[in-house]
Each structure stands twice: as C-alpha cells, then as structure tokens.
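One point on numbering: in the numbering used here, the residue at position 118 of the first sequence is 460, and numbering is uninterrupted.
Beneath this line is the structure, given in structure tokens, with notes to follow.
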Amino acid sequence: MEPDYEFREVEERLAREWVDTERWAAPRLPSSDKRYVVTMFPYPSGDMHMGHVEVFSIHDALARFSRMRGFSVLSPLGFDAFGLPAENAAIKRGINPKEWTYANIAQLKSSAQRLGCSFDWSRSFATCDPSFYKWNQWFFLRFFERGLAYRERAPVNWCPNDKTVLANEQVIAGRCERCDAVVTKRWLTQWFFRTTDYADRLIDDLAINVGWSERLKMLQRNWIGRSEGAEVRFDIEGESEPVTVFTTRPDTLWGATFFVLAPEHPLCDRLARGTEYEGRLASFRAKVESLTEIDRTSTERAKKGIWLGKHATNPVTGEAIPIWAADYVLMDYGTGAVMAVPAHDQRDFEFARSYDLPVRVAIQPASGALDPSTMDAAYLGEGVMVGSGTFDGTPSDRSVAAVTQWLEQEGRGRHAVNYRLRDWLISRQRYWGTPIPIVHCAACGEVPVPEEELPVTLPDDVDFAPTGEQSPLAGAHEWVNVRCPKCGADAHRDTDTMDTFVDSSWYFHRYLDAHNDEEPFAREVDDAWMAIDQYTGGIEHAVLHLIYARFWQKILVDMGMARDPEPFPALLNQGQVTMGAKRMSKSRGNLVDPTKAFERYGADALRLYILFSGPPDADFDWPEEGVDSIGRVTYPWLQRVWRLVVEAGDAPVTQGATSAGPLIERMHRTIKVVTADYEAFSFNTAIARLMELVNDAYRYKAEPDADAAVLRRVVESVLLLLCPMAPFVTDEAWRRLGHEGSVHDEPWPVFDALLAAEQEVVMIVQVNGRVRDRITVPADVSEDIMVERAFGSDKVREHLGGREPAKVIARPPKLVSLVVATD
RNA sequence: GCCGGGGUGGCGAAACUGGUCAUACGCGCCUGACUUAAAAUCAGGUGUCCCUUCGAGGGGCGUGAGGGUUCGACUCCCUCCCCCGGCACCA
C-alpha cells in the first residue's frame, strides 16, 4: 500500500529549492501585463504568528493565481524594522537593537519561506538598513526645501511610558496607540510634515480607490474630518488686527452673543495683561492644563471659563460682545477662537446658561416660536432667519450660502473649509529610527546635511535608553558635535529620529529598485510597476500608514517622481486571527504557533485551513483545540486528494480523447466558479468547490466503467486550481502524475463554455408558490414546452384540482409558476 | 449624536442580476462497514414541530422582530431591536 503523502520531506525540499533557485524573482521591468501585489510589510518582533500566516496565505494565493494567468507578477517582502519594540527588547536584554532586529528578520524570513510564500527575495530589505534610510533622509531634505517639513513649537502629544512624542494618528481615545498609556500634552519644538496641505486631495482622491471597502473610506473621511463653513473677522477691543473665527453656521451670526478663546490662545494674555483679570487667567489656565486630554474633551464635564474683561464687535450687529476664555474651545482646531451662538449650538448654550450669558434666536422653526427664556437646548433644526436684518425670512436651506456671499461682498469674511486632520508630527525622542539630517547652527539656524554626506548613520555606541527629555542620541557627543555645513562654526546635529511611519510611507517604491544607490528609485521602473494592483493588510492602519502613504504618494507626484495619484487603489483588509476573541499572545496563553503547524500538518494544510475558515476580510477565531483542528479539516482532505492522485496516476490510461460526461462537465463548471472565486478573494468557497469535485471524482472512480483518462484529467484540474493555495503538495502530486515541469509553471486552466453549461436542468413547477414537481428538461427549453410539460405533470394537475390558473409564469429554463385563485 | 458594517442550523459558513421545498462545503453529533479493540479510513444520516403502528410518505413553521411590494423575498422597501467598529466640546 502506498504510504501517505509525506508533507514534511516534500515541503522542506521544495522550499529550499525555491529559495536556492530564486524561483520567484521578477524581472526589472514587467515582461507582460503586470501585477504588482504587496502585503503590508511585517514588523520583525519575533517569529511568524498566525496574523502573518493569514495575510501571507491570502497574498500568496493571489500572486500565484496571477502568475498562472500569464501576468508578470512582482510579489516582494521587506521588513519594517525600526521602532520601539526593538529598542525595548534590546534594553531589556542589554544588547543593541540592531542585533535583536536582524535576528528576528532572519527567523521571520525563513518562516515565510517555510510557508511556501513566493516572494521575490532579491528585492528584500529592512528599513533599518542604512541603504534604505539614507533615502528617508534624502526625502526629508526635499520636503524641507519645499516647505513641507518644518520645525515648530506646539502643544504635542507625549507618551509618558514610551517617553516620546506621538502623532495625532498614534493617539487612540487619548491613549498611546502602542502602549495604551494616557497621553499628555507638552509644548515642544518638533518636526512636522505638512499633511494638512493635502487634506483636500486625500479626501477627493478616495474616489480613485474603487477597490477599498466603504468602511475604510469612511474611516479616512472621518479622520480627515472636512467641514465647510466660513471664516468671519471680529474686531477686538484694544487690538489693531481683527481675529478670525471659523464657523459652519455663518447664518447664525446675528445670534452670536459672546466670543470665546481657547485658554492657550496668545490673545488671552494680551487682553488680560496688566488688568485685574491677569491673575484669574493664570489660575484658570493652570487648572485646564492639569486636565488630561481625555478629561478635557469629555462632553460630560461642565464647561468652565472666565471673562477676560474685554469685548469683541459682532461684525453684523455692531454690538459689543464679551470675550471669554473657556476650556471647551480647543487651540488646535480652526483658529482657537469661536463666535458663540447659544441659541443654535449646544456647547455655547450650556456655557451661556451656566454663566448667565444672553441667548438670542436667529433661526426660527416653522412649528413655533423659540423663546430664549424657556429654551432648554440649542435649536439645530430647519427654520427661517429672524432678527437678522435684511436676511429675515431666508429659509435655512439657503441661509448659509446667502450669508457667506454677503460676508465676502462686505469684506468681513469668506467661504472656508476646515479639517480635523493635523500636520504629521514626525520627530521622536528615541534611538532606533532614521536620524533627522539637520544640523543646528547658532548663526545659520536649521542647516540641511549636504546630500553627499548621506546617510547620517545611527551611532552604535550610545546609551539608547530614553531619557524622557531628549533623544538618546543627544548623549553621543562625538556624533552630535559637528561643524556647520554652511559656515563651519561649531554646531550640533538634530538628535531626534523619524517616526517609523515615514519608512512605510514609500517602501513599496523601493522594492522596485531596491539596490539603486543613486536615487530612491528610478522613474522608469516606478512607472512600469506602480500602482499596486492589490494591497493587503490590516484595517488597524486605516488612519496611520494608509493616510501617510497616500500623502507621500501625492508629494512624489508633485515632485515628478511618480505618476499615479493613489498608490493602492485596491486594498483588501484581512480579518484578525484571534482565539477566544482575543489577540493571540504568549502571555495570554492563547498562542497558536505556526511552527507547530508546520511540524504536525505542514504548511499547505495550515494555509488551506485558514483560507477555508471564512471570507478573508472576516475575523477568524481559532478553535480552542488549537493547531489540532487542522488535523480534522484540511490535513485529511489533502491526504484524500493525494490518494486520488496516486490512484489516478497508477491506473493505465486508455488512448484517445477523454469522453465528455457528467464528471467532465462538472470539472468545467468547477474551473469556471473557482476562477471567479479567486477573482473575488472567495477562497473558502473555492476550496468547497474543489472538495465537491474531489467527492465526485471518488464516486466516479467507484463506478464499474470509470475511465482512467477522465479521472486523471479531473485530478489534474484539481491540482491546477488548488496550487496557488497549497503550493507544495500540488507540485509534488503534479510530478507524481509524470509531468516533467512544475505545476506552478502551468497556465491557469480554462473551461469549455459548452461543457460548463448544463445540458439538462431540473425545472421546478410551483402551484401557488409551492414546489409541486420537478421535471428534467433540456437547458435550452422554450417557454411553451415548459408550460406544456408542467401541465402534463400528474402531481401538478392534482394540486390544480381542475382549476384554471389565473397566471402562468415561465422563467426558462428553471421555473414554471402557476397561480390559481384560492377560495 | 453623526457615520459605516453586520444579525442565516449545535459551530465556521453558502446562496447568481428576487426564482430548484434556504442552509452548499466543512466541523461536531448519530448509525453502519473494516478492526480483537482503538485510531485512521470508507458509507449513510443530521433545521424544527406535527401526522402516520413500521416502512414510505405527508403537512405546518423557519434566514434578528413586525409590516409591505411580488406569482415568488436571506435578497427590494418601511418601522423597530440587538451586536461590532470609527469620529465626537471639531465651533
């Protein structure tokens, strides 16, 4: 008896062969229609985990499928290697982050190879390679030249645990995205990239990304937070310059009864200076600053504020309205100053009520008169303008546009758009990242490091533990102290490093020209391979990597380095792999280790198991028994496929054409639907169809007059359709059937439309919506024949009970529906 | 509050542009074959309730709830309920 398929020997042998022969290397330029498929590069924090297995399985199935369909496929993998985990682990072990990182990369790479992924390793790199981060620095200098990188003192997010600043995108509900610590605000001088310049394009170009889920587009729209309104200028008592506010409701301007500044607003100081309000402002500000962001922005808290003793002029009524500083106005949105319209804004209303400020109605609903003395909430609905001079009676669907136009005419304001998105804070006070290529000189200011001196490499002999104040690089005196490139005076390097999201913003361009040491990548190869045809990765990057990379891409276009406005118009967000609905982790004890799966059931069974579990975008909760569940699902099925191969391979093949029959027709239908399934990423149903075909093949084999040639043909189709998902066993089986070459070099099977179409179908006959008979008819049956056959049925006649149908509906070829009046 | 996605067997999940008694495929469970036995493998069964002595069959109800459109609704429309996720003192 033939032994079972020995997955271990086969997988290890083929995996090695694929690596040794650079089996999946893509040419410099595509040799036919191209498919550039990319999966978000992994962070090498240890060995491969199930999340990697899932995304690699999906990605690799698509890459292999595309190759078989004749595309020139590029499927690379690099490593997102800078960042805090490396540093933290290294601090714990007392080694350099470099050692830890490169060791993990080696391990992760070998696991990806063991999984059978068809990556082009010749283009692989790690972002901590100086040959990569040199170009981060190069880009930084280009951005600096263009005014897209700037250094500014601002209130920024500070993670007290990681001891570094964070971008807004890295603060989730007031907590650090990485370590969950409550984030505080600090005033620091930091480097920013001007993402807000691109807010409009980031929203508008979402339309290009037709291969994105609605959910993802919504996440980005929410994050960018575009809102339309107007800027209105208010004159301020004792100030020569007016102050601009942003409002989405310029039509309520006549109801503005006070004016509010964020407590941090510099104008507060000027207004209160030298007055009795100065002390009050200081203590109020101290109180506000002691709050965490979470408390400060909580809607539960009562709004607090103080009068600053001065007035602004309502530009439409000419009225003097008091200027307050209040904690509900934020310095970093809009202009940090608002006009308060208590009648039509709930926050202003609450504030007015607690400080006894006037409420004036500017929009009156049709239903009844709003009365400021009895209102218990702001009115936000429709109505007509009242108390608004010549605008009285203007309905609210036109009021905003009308008032905005008038403000523009009068020179008191203009149409404006505001965004929630802030500029990207990219400096980090940590060691393990790309050094910022700037030298600070007392005389010359911020001086770029000359291009020929790039890369500015990270010094190795540094105490890289974060200090909580400055970057650890500040302690590397020999490295820090340099001469100013401009004037030659003593100067010092910038000691911050770049956010690691800088690396991931353009790494997919570098794959295209990974060994170029003249430029980040050549335009020629970029134009040839970009945009990415299919990108895969987790939804957790919705407002992080996926915003930054789109921003970067637009700059590349503006710099003439790239063509496509969007880098990844098609994106598949795979679900999360969990166990007990929780993220897998060693400490939780719910880790299902891929290595164990390789040992017990093999890479093919593991890949297939994950793909079979459900749609790729759905979360997958691994069953409690862990790896062993593979042993009950895809492992035995692969053995079943293998036995079929062995038996089909051993049977003598009769000469001549294979006869068409039900099994061959079934095979063609399977090719048809499985192809469509791959195109729709519906791997679970593709596997189900293949299981059905295999079941049918076993049934056929048991028939006395089974034709070995038919069986062989069907088995070969199964292998071809399966090999993108289970690359090892199918390749071995292909050779077992006597083929010289590899199954992976075969073209994707095509179906015969004639054979795939069913010759005969089962027509159902319904009487009053109930199925009463099934009749086998030719697939091209006419309506007349269908109806004739339906009336010929005894069962149907019985249920008609002699009554004449009021309605006869025929839907060729599958359905006849008869409707009789019921009494 | 605003926005997005979902609710189908014991479980993971199928179902084309509304059209074969919804539940494919697989897991689990039940029965049988093989075996001294077990595992593995193979074959069959498995929504639910009721009628029928068995057999075979027949009938009612079933895709979160309730309405509607239609000859026909998991699929379309309306009103709810619940779950998951994003944004939110954003002016």
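Beta carbons: idealized from backbone N, C-alpha and C, even for Gly.
Computed from a predicted structure; not experimentally measured.
N-terminal and C-terminal residue of the beta strand (DSSP E) that H757 is part of: G755 to N760
Inter-residue spacing [alpha-carbon to alpha-carbon] between L419 and Y849: 10 Å
Cβ-Cβ separation, A831 to H782 (assumed contact under 8 Å), whole Å: In fact, because the Cβ distance is near 11 Å, the residues do not count as touching under 8 Å.
Extent of the continuous alpha helix (DSSP H) run through K440: P439 to R456
Any alpha helix (DSSP H) of 4 or more consecutive residues that is wholly inside the segment 546 to 617: 556 to 566 and 608 to 614
Residue interval of the beta strand (DSSP E) (run including M872): Run containing M872: none; DSSP gives neither H nor E here.
Test item: CB-CB of W1076 and L1061 under 7 Å: yes
E351 classed as buried or exposed, judged by whether at least 16 other C-beta atoms fall within 10 angstroms: exposed
Collapsed DSSP secondary structure at Y853 in the structure displayed: helix
Span separating the alpha-carbon of T906 from that of M1128: Reading off the sequence shown, one finds Asp at residue 906, where the question assumed Thr. Each residue's Cα considered, the two are about 55 Å apart.
Status (buried if at least 16 other CB within 10 Å, exposed otherwise) for V969: buried
Cβ shell of A662 (< 7 Å), same chain only, five flanking positions each side left out: H653 and T655
Distance between beta carbons of N915 and S555, contact taken as under 8 Å: 6 Å
Given P779 as reference, the closest of R1011, R835 and Q751 once Cα atoms are compared: R835
Close beta carbons around Y385, own chain, < 8 Å, minus the five adjacent residues each side: F421, D422, A423, G425 and P427
Touch test, the segment 665 to 678 against the segment 603 to 611, Cβ-Cβ under 8 Å, three pairs minimum: yes
Where the beta strand (DSSP E) through P978 begins and ends: Run containing P978: none in the beta strand (DSSP E); it sits in the alpha helix (DSSP H), T976 to D992.
7 Å Cβ cutoff met for D961 and G1003: no
Under the three-state DSSP convention, the category V1056 falls into: helix
Buried versus exposed, by CB contacts within 10 Å (16 or more), N551: buried
Nearest-angstrom Cα separation, counted from G388 out to E348: 29 Å
Bounding residues of the alpha helix (DSSP H) (the contiguous stretch that carries T531): Here T531 belongs to no alpha helix (DSSP H); instead the beta strand (DSSP E) covers T526 to F535.
Rounded distance between the beta-carbons of A685 and R702, thought under 8 Å: 6 Å
Proximity to I705 [Cα-Cα], best of M410, T594 and E354: T594
W366: first and last residue of the uninterrupted alpha helix (DSSP H) it sits in: Unbroken run through W366: none, as it is neither H nor E.
Reduced DSSP category for I778 - H, G, I as helix; E, B as strand; rest coil: coil
Coarse secondary structure for F467, derived from DSSP in three states: coil
Candidates P814, L933, V987 and R985, of which the one nearest P965 by Cα: L933
Backbone secondary structure at K505 - three-state DSSP: coil
Simplified DSSP assignment, three categories, for E788: strand
T746 versus K828: straight-line alpha-carbon distance, rounded: 49 Å
Assigned exposure category for P1155 - 16 Cβ within 10 Å defines buried: buried
Supposed contact pair T589 and G571 - C-beta distance, whole angstroms, cut 8 Å: 5 Å
Residue ranges of each alpha helix (DSSP H) within the segment 643 to 698, 4 or longer: 688 to 697
Residue interval of the beta strand (DSSP E) (run including S414): S414 to L416
Between the CA atoms of A668 and N510 - distance to the nearest angstrom: 23 Å
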